[in-house]
Amino acid sequence: MTEIHPGQRVAILADAQNLYHSAQSLYSRNIDYSSLLEKGVSDRTLTRAIAYVVRADSPEEESFFDALVEIGFETKIKDIKTFGDGSKKADWDVGMSLDAVTLANHVDTVVLCTGDGDFSRLCSHLRHEGVRVEVIAFKESTADELIEAADTFLDMSDRQETFLL
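Each residue of the sequence shown is one higher than the last, beginning at 1 in the UniProt record's numbering.
Below, the structure is given as C-alpha cells:
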C-alpha cells in the first residue's frame, strides 16, 4: 500500500466506547483525544475526524462531547438502548463502517481508532479499494485479525505518555 506522505488525505474514525473501556480496564485512565488526532493525522491533510460516542446520561458526558468538537472531531452520538431484560447496548459498528466506505473515495488513508475485530472485514474492503488503513488502539484489547487486516498498527500501550491522560 501507499506510504505516508504530506499530501495524503486522512480520515480519523474513533470508536470512543471501545477506546474508553480499553483505557479504563487496562490503565484506569482516559484517552487524550488531542494527541490521538495529532498522531493519527501525522503531518498529513485531515479531511474528516469523527468520534462515535454513546449518550448514557452521565453528568460529564456533554462536556466531553463539547471537548471533542473543540479538539476538531465531529461527534456522532447514539443513545444507549435498554432492553426489557435490563441489558443495555449501543455500538457504532455499522455507522463507522458506512462512513469509512463513503469516505473511501475522498481520502487516501482511513485511521480506525478501535480494537474491535468486527472491523477487520472493513479493512480488507478499504485496502481492496486502494485506501491505506491504519489502526490505533491498545494491543492487549485489539483483535489479532484487525491488526493483520490493517496496513499498520500503532499500539497505544507503547506510548501511554502520549495517548493517556
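Ideal placement from N, C-alpha and C gives every residue a C-beta, glycine not left out.
The structure presented is a predicted model; accordingly, all values stated were derived computationally and were not measured.
### Task
Only counting runs of 3 or more residues, tell me where the beta strand (DSSP E) segments fall wholly within the UniProt domain "NYN" (9-156), in order along the chain.
9-15, 45-55, 74-79, 109-113, 132-137, 152-155
### Message
So, does the segment 52-61 touch the segment 147-155, judging by three or more C-beta pairs under 8 Å?
### Response
no
### Task
Keeping to the same chain, check which residues put their C-beta closer than 7 Å to that of isoleucine 71; ignore five residues upstream and five downstream.
Here residue 71 corresponds to residue number 71 of the sequence shown, with the count starting at 1. These residues qualify, in order along the chain: Tyr33, Ser34, Leu37.
### Task
With a 10 Å radius around its C-beta and 16 neighbouring C-beta atoms as the bar for buried, classify arginine 132 as buried or exposed.
Locating residue 132 in the sequence shown gives position 132, where the first residue counts as 1. With 16 or more other Cβ atoms within 10 Å, it is buried.
### Query
Just checking, does the segment 68-82 make contact with the segment 105-118 on the three C-beta pairs under 8 Å criterion?
no
### Message
Tell me the rounded alpha-carbon separation between isoleucine 77 and leucine 13.
### Response
By 1-based counting over the sequence shown, the position of residue 77 is 77. By 1-based counting over the sequence shown, the position of residue 13 is 13. Near 13 Å, if we compare the C-alpha coordinates of leucine 13 and isoleucine 77.
### Query
Is it true that the CB of alanine 90 sits closer than 8 Å to the CB of leucine 126?
What you label residue 126 is simply residue 126 of the sequence shown in a count that begins at 1. What you label residue 90 is simply residue 90 of the sequence shown in a count that begins at 1. Not a contact, by the Cβ cut-off of 8 Å.
### Query
Ordered along the chain, which non-local residues of its own chain (more than five positions away) have a Cβ less than 7 Å from that of phenylalanine 65?
As a first step, residue 65 must be located in the sequence shown, where it is residue number 65. Within the same chain, phenylalanine 65 has close Cβ partners Val53, Thr75, Ile77.
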